[in-house]
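Chemist: Structure in structure tokens, see below.
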Amino acid sequence: MPDSRTARSAAAHFATSDSLSAYWRFYWAVADAQLARWLPEEPGRILDLSGPDFRGAPRAVADGHDVVTLLPSADLRPRRQLTLVNGHVPAARRRSPGRLHPVVGDTTFLSGFTGGAFDGVLADNRVLSRHLATEASLGEIARVLRPGGRVLLCVDSVVLGMALLAEQDCWPELSFAPRADVLLVPWPDGSITRCFTAEQIGEVVTDVGLELDWIRPRTVLSASTVEMMLARDSQALGRLVDMELRAAESDDYVGVHLLASARKPGPAPQPR
5 MPDSRTARSA AAHFATSDSL SAYWRFYWAV ADAQLARWLP EEPGRILDLS GPDFRGAPRA
65 VADGHDVVTL LPSADLRPRR QLTLVNGHVP AARRRSPGRL HPVVGDTTFL SGFTGGAFDG
125 VLADNRVLSR HLATEASLGE IARVLRPGGR VLLCVDSVVL GMALLAEQDC WPELSFAPRA
185 DVLLVPWPDG SITRCFTAEQ IGEVVTDVGL ELDWIRPRTV LSASTVEMML ARDSQALGRL
245 VDMELRAAES DDYVGVHLLA SARKPGPAPQ PR
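Quick note: to get the numbering used here, add 4 to the position in the sequence shown (first position is 1).
Structure representation (structure tokens):
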């Protein structure tokens, strides 16, 4: 458990999804809306590398896609509930649901899958920041994508990395952080993540042969702002999500997590 000082820190907002329940309800509602916009129009085969805590697999299944989700253990299955916005689940496209296929496997090296097996890959929930050799992991993602297939990825930003370094009094490291080619940041729980600028994400994507569609912050609104607004009006979640989606379309990469979409060159996958 974080002490009283850490509980008020920037790191505490993002080190555990239990630290700010109202904020995380907003965060996952934004993530669900972003994923709904990103998912292919036609049903396809999706690989989910984002872990059992990620809500994207149920969203993609509800949208008609067949989803293979990689898990560290057979005992861990993805959460099936979707985030409610104003008391209801955001609408999926009107089609029969797809199927969910939980598979135990390593999300770093996808050797169990043949090349070109998937129409899309979800690498959300900061999974590529936890894979410190991000280039190798993204290269594997590029390999298993069909020509025209896309990947949605979410990573820790340098903004978050600098906040974590400052809170841990790592001042020499902090002074070099904005210019570092690779920024590895220790977390209070002992883990290490890799943080990126928008430019670095673009470079990694293109280096593995993918084409960057867009990059934007996952959220722009601060945790304190969201908490204050929801405390005033518990029905404000939908308006906050709409506000966030509009704000994130700017070129201001100030968020603690960066969201990007990239595609494998070639014609779009044909409907099956």
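Ideal placement from N, C-alpha and C gives every residue a C-beta, glycine not left out.
Going along the chain, which unbroken runs of the alpha helix (DSSP H) with 4 or more residues stay wholly within the segment 179 to 219?
Modeler: 202 to 211, all fully within the segment 179 to 219.
Chemist: Look at the Cβ atom of residue 123, then the Cβ atom of residue 150, and state whether they are nearer than 7 Å.
Modeler: Contact flag set, yes.
Chemist: Run through DSSP, which three-state label would residue 125 get?
Modeler: Three-state result, residue 125: strand.
Chemist: Could you check what DSSP says for residue 143 in three-state terms: helix, strand or coil?
Modeler: Of the three classes helix, strand and coil, the one that applies to residue 143 here is helix, per DSSP.
Chemist: What are the complete beta strand (DSSP E) segments, minimum 3 residues, inside the segment 219 to 274?
Modeler: As far as the segment 219 to 274 is concerned, its whole beta strand (DSSP E) runs of at least 3 residues are 261 to 267.
Chemist: Among 181, 170, 185 and 179, whose alpha-carbon lies nearest the alpha-carbon of residue 137?
Modeler: Cα-wise, what sits closest to residue 137 is 185.
Chemist: Taking the alpha-carbon positions, what's the residue 62 to residue 55 distance?
Modeler: About 12 Å.
Chemist: Residue range of the alpha helix (DSSP H) that residue 29 falls in?
Modeler: Where residue 29 is concerned, the enclosing alpha helix (DSSP H) stretches over 25 to 42.
Chemist: Excluding the 5 residues flanking residue 146 on each side, which residues of the same chain have their C-beta closer than 7 Å to its C-beta?
Modeler: Around residue 146: 212, 213, 214 and 268.
Chemist: Do the CB positions of residue 60 and residue 47 come within less than 7 Å of each other?
Modeler: Cβ atoms of residue 60 and residue 47: not closer than 7 Å.
Chemist: Could you tell me which residues DSSP pairs with residue 158 in its beta bridges?
Modeler: Per DSSP, 263.
Chemist: Measure from the alpha carbon of residue 280 to the alpha carbon of each residue in 134, 199, 175 and 249, then state which is nearest.
Modeler: A question about residue 280 goes unanswered here, because the residues of the chain that appear run from 5 up to 276.
Chemist: Between the alpha carbons of residue 106 and residue 175, how many angstroms are there, rounded?
Modeler: Cα to Cα, residue 106 sits roughly 43 Å from residue 175.
Chemist: How long is the line joining the alpha carbons of residue 58 and residue 148, rounded to whole angstroms?
Modeler: Rounded to the nearest angstrom, the two C-alpha atoms are 21 Å apart.
Chemist: Where do the N-terminal and C-terminal ends of the beta strand (DSSP E) with residue 49 fall, by residue?
Modeler: Looking at the DSSP string, the run of the beta strand (DSSP E) that includes residue 49 is 49 to 52.
Chemist: Looking at residue 187 and residue 181, is the spacing between their C-beta atoms short of 7 Å?
Modeler: Yes, the pair counts as a contact, with Cβ atoms nearer than the cut-off.
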